[in-house]
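This report refers to the structure that appears directly beneath it.
Number of protein chains: 2
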Amino acid sequence: MKKSLLILSLFFLLLSWSKKTDLTTIKVSNIDELNEAISHAKAGHHIVLANGIWKDVQIKFIGEGTEDKPITIEAETPGKVFIEGVSNLEIAGNYLIVKGLYFRNGYTPTKNVIAFRTNEEKVANYSRVTNCVILDYNQQQRDKDDLWVQFYGTHNTLDHCYIAGKTNGGPTLRVDLKGNQSIRNYHQIVNNHFGPRPRKGGARGETIQLGSSFTSMSPSNTTIANNFFEECNGEVEIISSKTNFNEIRNNVFYKSEGSVVTRHGNYAIIDGNYFIGDGVNKNYGGIRLVNTGHWVINNYFYKIIGENFRSPLAVMNGIPKSPLNRYNQVTDVVVAYNTYVDCKSPWQFGVGTNIEQKDVLPESEIRSARALRTVVANNVIYNKIGDKNVIIEHDKADGVKFKSNIINNQGVTFGDTDRIKATEFELTKIGEHIYLPKLTGEFDIYQGFGFETITKDLFGNSRANKNAIGATVQGELKDTNILDKTKYGADWYSNVVETIPPNVIEVTTTKGELETKITTAKSGDIISLNPGKYYLSKSIAIDKTITIQSKENDKAEIIFTGAGNTPLFELNPYGILHIKNVSLTGNGKQKAFSNLKENMSNHFGLTVTSCDINNFNYVLKAYKQTFAQEITFKDTAITNCENGIELSEETNDKGDYNVEFLTVENCKFSNVNQNVIDYYRGGYDESTIGGNLLVTNSSFSNCGSKEENGILLNTRGIVNVDISNNTFKNNPVKLVALLWGAKNNSHANNQITNSGQIKVEQNLKMKLMY
Amino acid sequence: MKKSLLILSLFFLLLSWSKKTDLTTIKVSNIDELNEAISHAKAGHHIVLANGIWKDVQIKFIGEGTEDKPITIEAETPGKVFIEGVSNLEIAGNYLIVKGLYFRNGYTPTKNVIAFRTNEEKVANYSRVTNCVILDYNQQQRDKDDLWVQFYGTHNTLDHCYIAGKTNGGPTLRVDLKGNQSIRNYHQIVNNHFGPRPRKGGARGETIQLGSSFTSMSPSNTTIANNFFEECNGEVEIISSKTNFNEIRNNVFYKSEGSVVTRHGNYAIIDGNYFIGDGVNKNYGGIRLVNTGHWVINNYFYKIIGENFRSPLAVMNGIPKSPLNRYNQVTDVVVAYNTYVDCKSPWQFGVGTNIEQKDVLPESEIRSARALRTVVANNVIYNKIGDKNVIIEHDKADGVKFKSNIINNQGVTFGDTDRIKATEFELTKIGEHIYLPKLTGEFDIYQGFGFETITKDLFGNSRANKNAIGATVQGELKDTNILDKTKYGADWYSNVVETIPPNVIEVTTTKGELETKITTAKSGDIISLNPGKYYLSKSIAIDKTITIQSKENDKAEIIFTGAGNTPLFELNPYGILHIKNVSLTGNGKQKAFSNLKENMSNHFGLTVTSCDINNFNYVLKAYKQTFAQEITFKDTAITNCENGIELSEETNDKGDYNVEFLTVENCKFSNVNQNVIDYYRGGYDESTIGGNLLVTNSSFSNCGSKEENGILLNTRGIVNVDISNNTFKNNPVKLVALLWGAKNNSHANNQITNSGQIKVEQNLKMKLMY
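Now the structure itself:
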């Protein structure tokens, strides 16, 4: 015993360069030293990682701390220890703490960046990751799924971390419930800043997932509290609660394109959260309910105008006797003491009903079971502009009891005044985006079963003495500064970016100058082309945000002499190109724009304005596993190309697609032989609600002559399609488009001459995804 | 305030005939007085029901007691207040107690005999029914389902009650979980005696059901402890746990034909129960597991030889992504510290696998998902006679971890010695049916996740210091007298019946004597017929257990001259007839035996031994909604009848059937034109495992000439069929029988001449029941 103590002390003495002179702190500079330190660490020890880049390190932090004396691994200076390359962190044991690390410029070699276990048997308990950042730590390929934080074991905490930029498949954070060692886990996910997660295009883009349908019977008891969710746009679910007894409290959902969804599992508490929209973007959602026993109380919704799945309160229809992985009926749910300000049709019931599709879907897919034994009470709605449809019943809400709800709808008739009583009251501004009803006089407060447990309001004020309906009690209320980002995430990191005006970099036709100046430009800069002809023999890689435009009104001309099948502009990860007022000419065999066929570890983007594009094999070719949030062609002429805009490689039918918004506005397509616009999403999944195509004010002539399937504009599986105000002339195809009537597909005011027709099929047959 | 107090006091004074002189006790003699008393009752009050028969009373006990001062309704003398006729009891409010009532000779006009609510809104909490009896309180028709005790609300108790004799549809007791007012209910079902519940014949015969599949996501937290289950034979499930977190502790399952089943819901604790069989009856079961997270610990199994669904431990296969009402996969289950003595193949896995039936069943019915993450550890098995198949894998148990299990198999090879270690040890007799392993030396004790929470053994002894594998620690153990019935149920009631030798009542052929003497006989008596001819012109009703036999060796002759379509013997509720060595002759138009077409509120039974039956339209005709546990024909000749044994009216295809055991042994059938034997069960339900037909050593000649379906012995849907050692000669039918190969249907050693054949169809197509 004494001997081993001596050796240990010696070891710590020898390796310790720390300023601290105590024997319990050791500083390490490389993975070998770290491993050695971990293997000797005892309760109360601190292991300090030297500042600098730690590349290709797989840290296995195994130890046994105690409640009073945890074992800690921490950065020498928080934020100055960079975990890069092919790296990850696994933690197992008890009372372990990790502090101050920065994961960037790399990806995990396993399924997790941070895992609270080292193998199936060995999990972490009572352990904590704090004050860390994970940024853009994406796999090379979008379809290679991983998780950035995965919880196992019990009583673990992730707090004060900043996590953002995940573009590949897989939730950002998941709690795993497999095995008794991970149930009743009481994990805490608190005070974090979940920064922007770009739209992923399809499923598997949740920010937080609590379990899965296969563990949906497990008691999880996970708390997600006081976090800031900013632009978490990965998919339709920001938080997907799939287990029981989870608590989602006092979080801020700020301009996040998704909802908090009780997807599986039961008895979630969603209490005191802020859902902040802008009254414009319909993708910002609220709370979507499936299953049993949830309590939705004290929440505040501001300018959330999402519809249907994304409405502020979306109560879904279930499938009778639903399969485990589908939709259980909503029962025994309470929605009480919430406040809705300037939302649109905030309460929607029977969401997801698809009784009309019973001919094309199996019986086990038909959501016909309406909510039962559900109470909606003591809620307040305020609309600056009256809303004619405050409640939308996609299917009847006849199993829902409405009690003591009021609305100021500015006198506009809104339907059932038994369910919501029209009332006059004003708002008080408390802080940015926070406007609360000022109620005077007496209002009935409904006392349902268990309502006595709702003891506090949105701000934590007691409801004991001065209770009121709505998210807050009445009286003087203080601004809680929910948008103050310093309250969330790592204390050494801010995602607030100072706006710097772009550099305008002039370029002449001198050989090589354009390529060089694009390479050396900073992200956001503008390349200004002097008039003339630019001959390029090789592709130009775009790996940042860049604008290329003609300096004069006349279009500069870029003539591409590169090899067949190569692109003029090669869009790399992060490459967002805006090209304006330029003429692009090929030799008929190349591509004007394309992205990388492999290793597109981050999204690209493209906006083409007022350009002429001639004589290419492809105008745009996007490969599988690549994604752009937006692709826009505007005021542009596309002539004599073999293929047009080709975004159809996501053919594995798992709901993925290549671009979220494809816009074609005021363009002219002539002599484009095939794939004029080819935009595809495959696989039926009612909760993938993307793909957005707008084709408007454009003309198409003599196009589609080689189109094998006989359809000019291919939009199969895309959920939102608007084809309007276009002219189609002399296109030798059977159909201009085949639209999906049951989804948000529409067409209007198109002039079609000698070009087939636009056909609408109500229910497209799609492959089920699950 | 003062005034109302005065009136109340006056009221209690005026009505009070109680010996107690305090103002809080009031005695009532009829329903009006009771209603009045209830309406005025305050916390602490006692309402005493006068002894006697209370007929056709619907008691609504609504009140607000307190923890210290409950409101009580009690019998003047426990057991001397008889609730009869069309009566029931409903309780709503808080802290209410009901004591000492006896429900008999009647049935409820509602769905419940005792309900812990008065309407959907108003439930009982913290209320108790104690020291009561419900006996044979059956609806008039078997298909009219009801519940004898239905729990709603929370924290209610049923204790020290005796409940027995339910023959109609519906569980004896159910806990209802619909609505937040009934979840996390912590109900206590303790110290009761659940007496014999006869086989029901089909589903809906559970003794206790906790919730339903539609509330299977709800936390129930119901405790069933220290109860005595005696001959609870209603169906294959004695206790059907269908919700979460239920605890089943220290109960005795004594010769009960069924199992404790975690049918839906998860995380049940089944701890310290006794399963006592006899080594003969294969219908006595153990614990059957479906779903997630159950802990099966400290249980004792003695001479349980049930197979498959009824095996001591039956771990089922689930349906992948199972529908809500079907079978979820078993995951995260712990089976530890149990002891099995003289059981047969006690551990069975993959129970219910039906992969082979995938051609006749829909995909959503195929149980192919094997148990996952399940631990079987620290168990002890003792077999006096070695068992070659200790573990049966209907499907692979490859997701199950076996640790530290031992067996004394008397040296007989039993398969996988890694899973169970062969060991020598002896048993110590502790009490009746209780034999415990005497382990000497060191045995590894596996410490799985959470095992430290198993702190006590079967008897409640601490495992802290002298822990051992198996249900008990080692050392001196006291007999806990589990079979001492005075420990369970109402203190004033015993179901122990003194055996009285039957009276033998001689009868002569004098007109009217036979009828009279049968009418006046006591249940169990023997009617002894002097030789001669007995002419009967009207049916004889049998409403008790009675034996009719010839006094001499020569058969007495009963000649029935009654009207067409009437039976010679009319089997009424409770009518169990044994007729021996008698000749019965009809005129070709009547029935020899039949039961009531309506109001068969209890079962019948029939044993015919060494009789001659001639010239009836029907030998036996059973009507819909009637049931016999056993019907036996032995050493009997059946000649010149239009129809034979007709038990085929349960055609609603809900799994019901008319008799549990039909035995035909050493009989001669000749010239029976149709329905020679017609025994039917309809509807596919894997958990209905009855219908038992044995036809052996019998002969059939010149039968079936008018059989429309061309099958001599109709057995469709019957699960257990054995046709062996019979002779079939000159029966003009296409098939002797059509057997169901996938079930327990067999035939052997039959001599078939000019009578078609016996055909076996592996998978009969059946109508799904759900």
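Chains as they are written, first to last, in full-length UniProt numbering: chain G, 1 to 770; chain L, 1 to 770. C-beta: ideal position from N, C-alpha, C; glycine also.
{"Asked": "Taking C-beta pairs closer than 9 angstroms, name the residues in chain L that arginine 373/G reaches, listed in chain order.", "Found": "Lys178, Gly179 and Asn180"}
{"Asked": "Would the region 523–538 of chain G and the region 549–565 of chain G be scored as touching if the rule is three or more Cβ pairs under 8 angstroms?", "Found": "yes"}
{"Asked": "Considering only C-alpha positions, which residue in the set Asp678/L, Arg716/L and Leu712/L is nearest to arginine 684/L?", "Found": "With the sequence shown as reference, residue 684/L is identified as tyrosine, and arginine is not the correct amino acid for it. For the residues Asp678/L, Arg716/L and Leu712/L, the minimum Cα distance to tyrosine 684/L belongs to Arg716/L."}
{"Asked": "Counting pairs of beta carbons, one from the region 186–203 of chain L and one from the region 300–314 of chain G, are three or more of them closer than 8 angstroms?", "Found": "no"}
{"Asked": "Could you compute how far the alpha carbon of glycine 562/L sits from the alpha carbon of lysine 591/L?", "Found": "10 angstroms"}
{"Asked": "Determine the direct distance from the alpha carbon of proline 362/G to that of glycine 170/G, and round the result to whole angstroms.", "Found": "28 angstroms"}
{"Asked": "Put aspartate 359/G into one of helix, strand or coil per three-state DSSP.", "Found": "coil"}
{"Asked": "Would you give the residue range spanned by the alpha helix (DSSP H) that threonine 585/G belongs to?", "Found": "From DSSP, threonine 585/G is part of no alpha helix (DSSP H) but of the beta strand (DSSP E) over 582–585."}
{"Asked": "What are the residues in the region 215–248 of chain G lying within 9 angstroms of chain A by C-beta distance?", "Found": "This model lacks chain A altogether; the protein chains it does include are G and L."}
{"Asked": "Using 8 angstroms as the limit for Cβ to Cβ distance, is serine 18/G near chain L?", "Found": "Residue placement at serine 18/G cannot be trusted, given a pLDDT of 45 that sits under 50; the coordinates are not used to answer."}
{"Asked": "Taking the beta strand (DSSP E) that aspartate 32/L belongs to, which residues open and close that run?", "Found": "No beta strand (DSSP E) contains aspartate 32/L, which is instead part of the alpha helix (DSSP H) from 31–40."}
{"Asked": "Going by C-alpha to C-alpha distance, which of Met766/G, Asn731/G, Lys765/G and Asn325/G sits closest to glutamine 751/G?", "Found": "Asn731/G"}
{"Asked": "Using only the alpha-carbon positions, how far apart do alanine 742/L and alanine 371/L sit?", "Found": "23 angstroms"}
{"Asked": "So with CB distances below 7 angstroms, who are the chain L contacts of phenylalanine 449/G?", "Found": "Asn180 and Gln181"}
{"Asked": "Is leucine 483/L helix, strand or coil when you go by DSSP?", "Found": "coil"}
{"Asked": "Around the C-beta of proline 323/L, are 16 or more other C-beta atoms found within 10 angstroms, so that it is buried, or is it exposed?", "Found": "buried"}
{"Asked": "Would you mind stating whether aspartate 136/G and glycine 165/G have Cβ atoms separated by less than 8 angstroms?", "Found": "yes"}
{"Asked": "Would you identify the three-state DSSP class for residue 771/L, choosing helix, strand or coil?", "Found": "One cannot answer for residue 771/L here, as it falls past the ends of chain L, which runs 1 to 770."}
{"Asked": "Could you tell me the alpha carbon to alpha carbon distance between lysine 20/G and histidine 40/G, rounded to whole angstroms?", "Found": "Any reading at lysine 20/G needs caution, since the residue's pLDDT is 47, under 50, leaving its predicted position unreliable; the model's value is listed next. Computed Cα separation, rounded: 18 angstroms."}
{"Asked": "From this set, His46/L, Thr24/L and Trp54/L, which residue's C-alpha is nearest aspartate 32/L's C-alpha?", "Found": "Trp54/L"}
{"Asked": "Please decide whether glutamate 761/G counts as near chain L, where near means a Cβ-Cβ distance under 8 angstroms.", "Found": "no"}
{"Asked": "Which partner residues of aspartate 525/L appear in the DSSP bridge assignment?", "Found": "Paired residues: none, contrary to the question."}
{"Asked": "Does leucine 324/G get closer than 8 angstroms to chain L when you measure Cβ to Cβ?", "Found": "yes"}
{"Asked": "Assess contact between the region 102–118 of chain L and the region 499–512 of chain L, defined as three or more Cβ pairs (one per stretch) separated by less than 8 angstroms. Is contact present?", "Found": "no"}
{"Asked": "Hey, isoleucine 91/L and threonine 72/L: beta-carbon distance below 8 angstroms or not?", "Found": "no"}
{"Asked": "Give me the chain G residues within the contact set of asparagine 328/L, using Cβ-Cβ distance strictly less than 8 angstroms, ordered along the chain.", "Found": "Met217 and Leu324"}
{"Asked": "Counting beta carbon pairs with one atom in the region 701–711 of chain G and one in the region 229–236 of chain G, are three or more of them shorter than 8 angstroms?", "Found": "no"}
{"Asked": "Chain L partners of aspartate 444/G, CB-CB under 9 angstroms?", "Found": "Within chain L, no residue comes near aspartate 444/G; the closest Cβ sits about 18 angstroms away, beyond 9 angstroms."}
{"Asked": "Taking Cβ-Cβ distances below 8 angstroms as the criterion, which residues of the region 277–311 of chain L are in contact with chain G?", "Found": "Asn291, Thr292 and Gly293"}
{"Asked": "Would you verify that the beta carbon of serine 364/L is, or is not, closer than 8 angstroms to some beta carbon of chain G?", "Found": "yes"}
{"Asked": "Determine whether the beta carbon atoms of serine 724/L and cysteine 703/L lie at a separation below 8 angstroms.", "Found": "no"}
{"Asked": "By the three-class DSSP mapping on this structure, what secondary structure does lysine 478/G have?", "Found": "coil"}
{"Asked": "Are there 16 or more other CB atoms within 10 angstroms of the CB of glutamine 447/L, so buried, or fewer, so exposed?", "Found": "exposed"}
{"Asked": "What first and last residue would you give for the alpha helix (DSSP H) that runs through leucine 514/L?", "Found": "513–520"}
{"Asked": "Taking 8 angstroms as the threshold (beta carbon to beta carbon), is residue 778/G in contact with chain L?", "Found": "Nothing in the structure corresponds to residue 778/G, since chain G is present only between 1 and 770."}
{"Asked": "Using a Cβ-Cβ cutoff of less than 6 angstroms, which residues in the same chain neighbour lysine 589/L once the five nearest sequence positions on both sides are dropped?", "Found": "Gly564 and Asn617"}
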